[in-house]
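To keep things clear, I will list the structure first and then write my remarks on it.
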Amino acid sequence: MKRIFHKLFFSCQKVTELIEKKKCFKLSLSENVRLAIHKMACSACSKFEKQSLFIEECIINSCKKSDPETDIEELKRRIIIQIDDNNKK
Amino acid sequence: MQNETIESLVSQHTEELYKRAYYKTSSINVAEDLVQETFLAAVEKKLTFKGESSPKTWLFSILNNKIIDFYRKKSKQHVKLEGDLLSNFFDETGTWKNEKRPKDWYEDEEHLLDNSDFLQTLKNCMSKLPEKWNSCINLKFLSEKKSKEICQEIGISPTNFWQILHRAKLKLRECIENNWINN
């Protein structure tokens, strides 16, 4: 029964691949339909997708929020010193 | 541009360049290096700057190329995987192994987005991934560029690109679940 389901609507492994592939490249209509049906029947894959999307949101969010702590004035000084050193060579 | 000294450009634009570099690489050290390299390149190229764009735009385009080069080098990294990663997660029929099936994350997702402990867990889990995979994640989710363009810039095939993202997501999701949900 599982084999038939996998043949028609992909294995879980294939589904997780397509979930990621879909973010980069267009899937065919057939792939999209089979993907949707698999997810309806498989709570594990449906959770995987939800959590995968959530992780992406967190990555984007944490980057926007993170304070890129660095001493900018110190960085500027170092850059000027390096440029001066290079000029002297 | 001829009227502006390099010192003046450093003074005016370092901060913006740094913020951009940090956003794109998530690393303080890398961002600082890239900004420094940008200005050094600007000094060399100063004579060829034709003034068709503003100095700021010009500096940013040098920085963007430096960032692409950075990721291109990372993409050449050969990632040695212990065994077949996918067979850790899926059995021979391609079904989730019982102990690897995603569990419910009952936490209210809105709260988790702002939860600094959770974000630290995410950061820790990301640091455990091969650098090449982290690069692909950064490029994909922190970039306005389309995947095709990213692949061309860093010299990875599209198939390889999403395969890396697939493996990275599997490991990342599992790591987060083990460290956050199970604690």
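These protein sequence lines map, in sequence, to chains G and Z. Anchor point for the first sequence: position 89 equals 88 in this note's numbering, and the numbering is continuous, going up by one each time. Anchor point for the second sequence: position 39 equals 21 in this note's numbering, and the numbering is continuous, going up by one each time. Think of the CB as a built atom: it goes at the ideal place given N, C-alpha and C, for glycine as much as any other residue. This structure is a prediction, so every number in the text was calculated from the model and none was measured.
DSSP three-state assignment for residue i, whether helix, strand or coil
i, result
"Z/Q143", "In the sequence on display, residue 143 of chain Z carries Phe and not Gln. Z/F143: helix per DSSP, three-state reduction."
"Z/F100", "helix"
"Z/Q(-16)", "Confidence at Z/Q(-16) is low in this model, with a pLDDT of 47, below 50, so its placement is unreliable and the value that follows should be read with caution. In the structure shown, Z/Q(-16) sits in coil (DSSP, three-state: anything other than H, G, I, E or B)."
"Z/F72", "strand"
"Z/W87", "coil"
Residue i versus residue j: straight-line alpha-carbon distance, rounded
i, j, result
"G/L17", "Z/N80", "21 Å"
"G/Q81", "G/L74", "11 Å"
"G/R76", "Z/Q18", "10 Å"
"Z/F52", "Z/C133", "14 Å"
"Z/G137", "Z/S8", "21 Å"
"Z/K85", "G/F47", "9 Å"
"Z/M(-17)", "Z/P37", "With a pLDDT of only 44 at Z/M(-17), under the threshold of 50, the placement of this residue in the model should not be trusted, and no figure is reported."
"Z/A13", "G/I71", "11 Å"
"Z/Y0", "Z/T20", "10 Å"
"Z/K56", "G/C41", "36 Å"
"G/M13", "G/E55", "Here residue 13 of chain G turns out to be Lys, not Met, going by the sequence shown. Approximately 20 Å, taken between the alpha carbons."
"G/I36", "Z/H148", "20 Å"
"Z/S117", "G/T69", "22 Å"
CB of residue i within 8 Å of CB of residue j, strictly
i, j, result
"G/C57", "Z/F72", "no"
"Z/E135", "Z/R54", "yes"
"Z/L16", "Z/L45", "yes"
"Z/L124", "G/S61", "no"
"G/S45", "G/K38", "yes"
"G/S51", "Z/K82", "no"
"Z/I163", "Z/W87", "yes"
"Z/I(-12)", "Z/V25", "yes"
"Z/C157", "Z/K110", "yes"
"Z/K114", "Z/V61", "yes"
"G/K1", "Z/T(-4)", "no"
"G/E115", "Z/W144", "Chain G is shown only over 0 to 88; residue 115 of chain G falls outside these bounds and no answer can be derived."
"G/F24", "Z/P140", "yes"
"G/N85", "Z/L154", "no"
"G/R33", "G/F9", "yes"
"Z/T103", "Z/N11", "no"
"Z/K6", "Z/N106", "no"
"Z/V(-8)", "G/I59", "no"
Extent of the continuous alpha helix (DSSP H) to which residue i belongs
i, result
"Z/Q134", "S129 to I136"
"Z/K27", "I10 to K27"
"G/L7", "K1 to F8"
"Z/S43", "P37 to S57"
"G/C41", "G/C41 -> no alpha helix (DSSP H), and no H or E assigned at all."
"G/I71", "I71 to K87"
"G/K21", "C11 to C23"
"Z/E159", "Segment: none, Z/E159 is in no alpha helix (DSSP H) and carries neither H nor E."
"Z/L121", "E113 to F123"
Selection of the stretch 5 to 36 of chain Z by Cβ proximity to chain G, strictly under 8 Å: Y5, S8, I10, A13, E14, V17, Q18, F21, L22 and V25
Can you give me, in chain order, the residues of the stretch 24 to 58 of chain G that have a beta carbon less than 7 Å from any beta carbon in chain Z? Correct list: F24, A43, K46, F47, Q50, S51, F53, I54, E55, E56, C57 and I58.
Using a Cβ-Cβ cut-off of less than 8 Å, give me the residues of the stretch 49 to 78 of chain Z that come near chain G, in sequence order. Under the 8 Å Cβ criterion, the stretch 49 to 78 of chain Z contributes L68, F71, F72, T75, G76, T77 and W78.
Between the stretch 118 to 130 of chain Z and chain G, which residues of the former have a C-beta closer than 9 Å to a C-beta of the latter? I119, N120, K122, F123, L124, K128, S129 and K130
Chain-ordered residues of the stretch -13 to 5 of chain Z with a beta carbon less than 7 Å from chain G: I(-12), E(-11), V(-8), S(-7), T(-4), E(-3), Y0, K1, Y4 and Y5
Please name the residues in the stretch 136 to 153 of chain Z whose beta-carbon is closer than 7 Å to at least one beta-carbon of chain G, in chain order. Cβ contacts with chain G: P140, F143, W144, L147, H148, K151 and L152.
With 8 Å as the C-beta to C-beta threshold (strictly closer), list the residues of the stretch 69 to 83 of chain G near chain Z in chain order. T69, I71, L74, K75, R77, I78, I79, Q81 and I82
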